[in-house]
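This is the structure in structure tokens:
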């Protein structure tokens with residue numbers, strides 16, 4: 001299984017450098033020279049890329065890949081998701097930290113046990129993480145904070161919600 005570790009925002013400069021939005025808590029491990037990531041392109045195809053250089057640039061990283069020699073090649077990667085193999089991810093030591101792939105597919109239930117839906121994805125926003133929950137074909141975004149999501153039970157394949165009134169309407 002693959003997990004998203006970044007997204008290509010845009011080409012940077014003329015030598016094939018790319019601006020990448022980081023989506024991992026371990027960028028020093030995921031974005032190290034020689035590391036291979038899979039790029040899922042906007043058309044749905046994928047290709048492996050080998051990281052050559054990495055440098056910080058504000059909130060983003062500027063990276064080059066061995067397979068991307070110039071700006072034209074870099075432009076073709078705009079919007080691509082960068083994926084790492086979940087088997088290569090280190091275990092989390094903090095019981096309150098989770099990888100996105102661990103949460104996706106979990107059942108969402110209320111504190112009384114009644115079913116709400118299924119966690120489809122984790123949305124990373126400037127305001128924090130949101131659980132995108134499929135409620136019978138309707139997507140509801142739930143802030144992923146302890147006050148609203150008091151329990152995450154990976155082994156039991158569920159998240160417990162205690163939403164404020166109106167959040168799920």
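Numbering (full-length UniProt numbering), first residue to last: 1 to 169. Glycine included, C-beta positions come from ideal geometry on N, C-alpha and C.
Measuring alpha carbon to alpha carbon, tell me which of the options ends up nearest residue i.
i           : options           : result
residue 64  : 158, 31, 47       : 31
residue 116 : 127, 3, 140       : 140
residue 76  : 11, 2, 167, 169   : 11
residue 158 : 46, 79, 133, 167  : 133
residue 150 : 142, 161, 143     : 161
residue 142 : 136, 46, 59, 122  : 122
residue 169 : 72, 135, 153, 147 : 135
residue 55  : 147, 22, 113, 42  : 22
residue 68  : 28, 104, 13       : 13
Tell me where the alpha helix (DSSP H) around residue i begins and ends.
i           : result
residue 41  : Taken as a continuous stretch (DSSP letters only), residue 41 belongs to no alpha helix (DSSP H), as it is neither H nor E.
residue 27  : 27-30
residue 103 : 100-103
For residue i, report the span of its beta strand (DSSP E) as first-last.
i           : result
residue 108 : 107-110
residue 123 : 115-125
DSSP three-state label for residue i, please.
i           : result
residue 53  : strand
residue 138 : strand
residue 153 : strand
residue 71  : helix
residue 161 : strand
residue 2   : strand
residue 148 : coil
residue 133 : strand
residue 60  : strand
residue 97  : coil
residue 166 : coil
Run the CB neighbour count on residue i, radius 10 Å, all protein chains shown included, and call it buried at 16 or more, exposed below.
i           : result
residue 6   : buried
residue 167 : exposed
residue 155 : exposed
residue 84  : buried
residue 145 : exposed
residue 36  : exposed
residue 80  : buried
residue 39  : buried
residue 74  : buried
Any beta-carbon of chain B closer than 9 Å to the one on residue i?
i          : result
residue 43 : Looking at the structure shown, chain B is missing, and only one protein chain is on hand.
Measuring CB atoms only, is the region 107-115 touching the region 43-54, in the sense that at least three cross pairs come out at less than 8 Å? no
Counting pairs of beta carbons, one from the region 91-101 and one from the region 11-19, are three or more of them closer than 8 Å? no
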